[in-house]
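*Asks:* Chains as they are written, first to last, in our numbering: chain A, 1 to 285; chain B, 1001 to 1293.
Glycine is no exception: its CB is placed at the ideal position from the N, C-alpha and C atoms.
If you're wondering where the values come from, they're calculated on a predicted model, not measured in any experiment.
Before anything else, here's the structure in question.
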Amino acid sequence: MKVSRTWIGYGLTAPAFVWLGITVFLPLAVMFYFSFMSRMPMGTAEVTFSLEQYASFFQRDFYRFLTWRSIMLGAQVTFFCVLIGYPAALVLARTVKGRWREAILLLVILPFWSNALIRIFAWTMVLRTDGVIDQVLHLLIPGAPSIGVLYSYPAVVIGLVHSFVPYMILTCYISLQAIDDSLIEAGQSLGGSNLTVFRRIILPLSLPGLLVGVVLIFIPVVGSFMEPRILGGRDGIMLGTVIEDQFTEVFNWPLGAALSFTLLGIVAIILALAYPFLKNRVKVA
Amino acid sequence: MPDFAAPSIEGSSNRRARIRDRMLARLHSRQETMAKCRKLIGYGYLCCLLAFIYVPILIMIAMGFNESSDYELPFRFSLIWYQQLAGNEVLWRAGRNSVILAVASTIVATIVGTMAALAMSRYRVRGHAILQILLLPPMAVPWLILATSMLIFFYHSGIGRGLHAMLLAHVALSLPYVIVVVGARFQSFAADLEEASATLGANPWQTFVRVTLPMIAPGVAAAALFAFAISFDQFVTSYFLAPPGVTTLPVEIYASIRKGFTPEINAISTIIMVVSMLLLGFVSRFYRFGGSK
């Protein structure tokens, strides 16, 4: 009986293992292999293995510049998400009660499960020259200068913050609402001002949620390509868009693979730094 | 211990008490107005936030009903873009692909994921740690990297591109979420009932169908809806794994945005948006968001 139980256990996990092996493990391994190729393995031309692709990354300023841009974009978007999302989570967890809290929380999350592409598309309508902001402005102040910011770096930041701020609100809210009220009352009755209570009790206890939010936002933003492409125009060239080009326009897959692995390295460093905080959060069964 | 509460002169004590009461009342009312003030600011802030989240979406929806093809104001109501949409063969075919893919992906991901969640919470076998590690990449690695690596692997291993490749990808991206949601449901009740069922002579299959399945059903339903949403909205992997001529709605929308906008995209986007939101509203009936995720 004992043996058969073990085999049932193996049998039940086997499909998930095989599936993830084919779609995650093997592809990443093959891409790693690919990133050392000198050219696409097509036709009869000989393919040699070298560090050429990685070398071009480190020799050409262009790629280093792009990587820096992507990291800065990730940092800025994450910063604004904290700035906007944390207070919202604080208000939701501490001030709003009952039905309203559930309703507002649902309203915040609702668009975040709908199509990211469509939400970015929606911003093009608002931000472009002669877009909604411009036209409303001209109705209010005739002759006002146009302030369309579509196809610029700020547009990319606005679109990405809009896409990712619900993550921050959700993760911060979860850790904020778990704080025991009696701790805060104790802080207040011991003479702590609101600021002291926030700084010494609320902020430290909600820090894990904040950090989870930071990681959950930073990683996809560093790897984003669709948002900079649609909203950024010529200012939207990022590491992600260049990787996309290697696979869809230029067909230099080895270079694309090498760039992808560089990006993966950045992600891995971030995950490793955040691991002590994430460990207790991402528990699966 | 000396007695501090020793009675002093009557009148002075009374007056002091009155003063104290008055001060307390004043303090109390000040605290109340401050609390009211804070509440007002808080609600105001949340309203601004919701406006930031929803105004672009509402404008996008409204422009789908605007007659001008350049999104010009003043607004004139018209259904012309929805009529054009009805005649757009390419978008309809892409839409059909999206639905077929989402349904297939939901079924496969829910079954495979529930099996894995069952094994991970009820059968203590080795290898769970490895599976847990394999579950992380779909959640923690940018989809761009996963998608391009799948493109390389599928292209050179003979799996190729197409709907079947997209199905492989969509299920992989949904699996971690299904396992987390169903696994959380498993954690919420003890294995006692299943053990009792086994003791009473039921075989594992009977135990699963008669005891386990009814208990985890809400979790499974929520997981299935999540899986559907993930697949239906999936753009990145579909984009890289779509061969020419076979597309899904998000891929087709991306192509149209890059070519130049027409309000037809607003119309189809509005439809997708409404479907997604209805689905999630439905999920929220099974699954509480305030809790674990």
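Give a yes or no on whether 7 Å exceeds the smallest Cβ distance from F1153/B to chain A.
*Replies:* In the second sequence, counting from the first residue as 1, residue 1153/B sits at position 153. By this cut-off, F1153/B is an interface position.
*Asks:* So is V1141/B buried or exposed if we call it buried at 16+ other beta carbons inside 10 Å?
*Replies:* Taking the second sequence and counting its residues from 1, the one referred to as residue 1141/B is at position 141. The residue in question, V1141/B, is buried, as its Cβ has 16 or more Cβ neighbours within 10 Å.
*Asks:* Using the rule of at least 16 other Cβ atoms within 10 Å of the residue's Cβ for burial, across every protein chain shown, is E1264/B buried or exposed?
*Replies:* Translated into positions along the second sequence, residue 1264/B becomes position 264. Buried, since its Cβ has 16 or more Cβ neighbours within 10 Å.
*Asks:* Given F112/A, which residues of its chain have a CB within under 7 Å of its CB, disregarding the five upstream and five downstream residues?
*Replies:* Against the first sequence, residue 112/A aligns to sequence position 112. P166.
*Asks:* Could you tell me if M1023/B is buried or exposed, where buried requires 16 or more neighbouring beta carbons within 10 angstroms of its beta carbon?
*Replies:* Mapped onto the second sequence, residue 1023/B falls at position 23. Result: exposed.
*Asks:* Under 9 Å Cβ-Cβ, which residues of chain A neighbour D1233/B?
*Replies:* Here residue 1233/B is taken as the residue at index 233 of the second sequence, counted from 1. Those within 9 Å of D1233/B in chain A are W113, S114, N115, A116, L117 and I118.
*Asks:* Taking 7 Å as the CB-CB limit, is A88/A close to chain B?
*Replies:* What you label residue 88/A is simply residue 88 of the first sequence in a count that begins at 1. Taking Cβ atoms only, chain B reaches closer than 7 Å to A88/A, which makes this a yes.
*Asks:* Decide if the region 1214-1234 of chain B is in contact with the region 1062-1077 of chain B; the criterion is three or more beta carbon pairs, one per stretch, under 8 Å apart.
*Replies:* No, because fewer than three Cβ pairs between the region 1214-1234 of chain B and the region 1062-1077 of chain B fall closer than 8 Å, the two stretches do not touch.
*Asks:* Find out if the Cβ-Cβ distance for the pair L1144/B, G223/A is shorter than 7 Å.
*Replies:* Numbered from its first residue, the second sequence carries residue 1144/B at position 144. Numbered from its first residue, the first sequence carries residue 223/A at position 223. Contact: yes.
*Asks:* How would you label P220/A, buried or exposed, when you count the other beta carbons within 10 angstroms and need 16 or more for buried?
*Replies:* Stepping through the first sequence from its first residue, residue 220/A is reached at position 220. P220/A is buried by the Cβ-count criterion.
*Asks:* Measure the C-alpha to C-alpha separation of I1257/B and S1188/B and round it to an integer number of angstroms.
*Replies:* Taking the first residue of the second sequence as position 1, residue 1257/B is located at position 257. Taking the first residue of the second sequence as position 1, residue 1188/B is located at position 188. When rounded, the distance between both Cα atoms is 45 Å.
*Asks:* Measure the Cβ-Cβ separation of V1211/B and G1113/B and say whether it is below 7 Å.
*Replies:* Along the second sequence, read from residue 1 onward, the residue named residue 1211/B stands at position 211. Along the second sequence, read from residue 1 onward, the residue named residue 1113/B stands at position 113. Result no, Cβ atoms of V1211/B and G1113/B do not sit closer than 7 Å.
*Asks:* N1301/B by DSSP, collapsed to three states: which one?
*Replies:* A question about residue 1301/B goes unanswered here, because the residues of chain B that appear run from 1001 up to 1293.
*Asks:* Quick one: does S260/A have its CB under 7 Å from some CB of chain B?
*Replies:* If you number the first sequence from 1, residue 260/A lands on position 260. True, the Cβ-Cβ gap to chain B drops below 7 Å.
*Asks:* By DSSP, does N115/A sit in helix, in strand, or in coil?
*Replies:* Translated into positions along the first sequence, residue 115/A becomes position 115. Of the three classes helix, strand and coil, the one that applies to N115/A here is coil, per DSSP.
*Asks:* Tell me the DSSP secondary structure of F49/A in three-state form.
*Replies:* Walking along the first sequence from the start, residue 49/A turns up at place 49. Correct three-state label for F49/A: strand.
*Asks:* By Cβ distance, which residues of its chain are closer than 6 Å to M37/A, with the 5 residues on each side in sequence left out?
*Replies:* Locating residue 37/A in the first sequence gives position 37, counting from the first residue. V47 and P254, listed in sequence order.
*Asks:* Can you tell me whether M31/A is helix, strand or coil according to DSSP?
*Replies:* Numbered from its first residue, the first sequence carries residue 31/A at position 31. It is helical.
*Asks:* Counting Cβ pairs closer than 8 Å, one from the region 1271-1280 of chain B and one from the region 95-112 of chain A, do we hit at least three?
*Replies:* These segments touch.
*Asks:* Using a cut-off of 7 Å between C-beta atoms, extract the partners of W19/A located in chain B.
*Replies:* As a position in the first sequence, residue 19/A is number 19, starting the count at 1. Simply V1112, V1171, A1172 and L1175.
*Asks:* Tell me the rounded alpha-carbon separation between I1053/B and I1107/B.
*Replies:* On the second sequence, position 53 is the one that residue 1053/B refers to. On the second sequence, position 107 is the one that residue 1107/B refers to. Taking the straight line from one Cα to the other gives about 32 Å.
*Asks:* Could you tell me if C172/A is buried or exposed, where buried requires 16 or more neighbouring beta carbons within 10 angstroms of its beta carbon?
*Replies:* The residue given as residue 172/A occupies position 172 in the first sequence. C172/A should be labelled buried.
*Asks:* Which residue wins for smallest C-alpha separation from Y63/A, given the options L239/A, G143/A, L271/A and G256/A?
*Replies:* As a position in the first sequence, residue 63/A is number 63, starting the count at 1. Considering only alpha carbons, the answer is L239/A.
*Asks:* Please check if any C-beta of chain B sits within less than 7 Å of the C-beta of L12/A.
*Replies:* As a first step, residue 12/A must be located in the first sequence, where it is residue number 12. Closer than 7 Å: yes.
*Asks:* For L160/A, collect the residues of the same chain with a Cβ closer than 8 Å to its Cβ; drop the 5 residues on either side in sequence, then sort them by chain order.
*Replies:* Here residue 160/A corresponds to residue number 160 of the first sequence, with the count starting at 1. Within the same chain, L160/A has close Cβ partners L73, V77, V221, S224 and E227.
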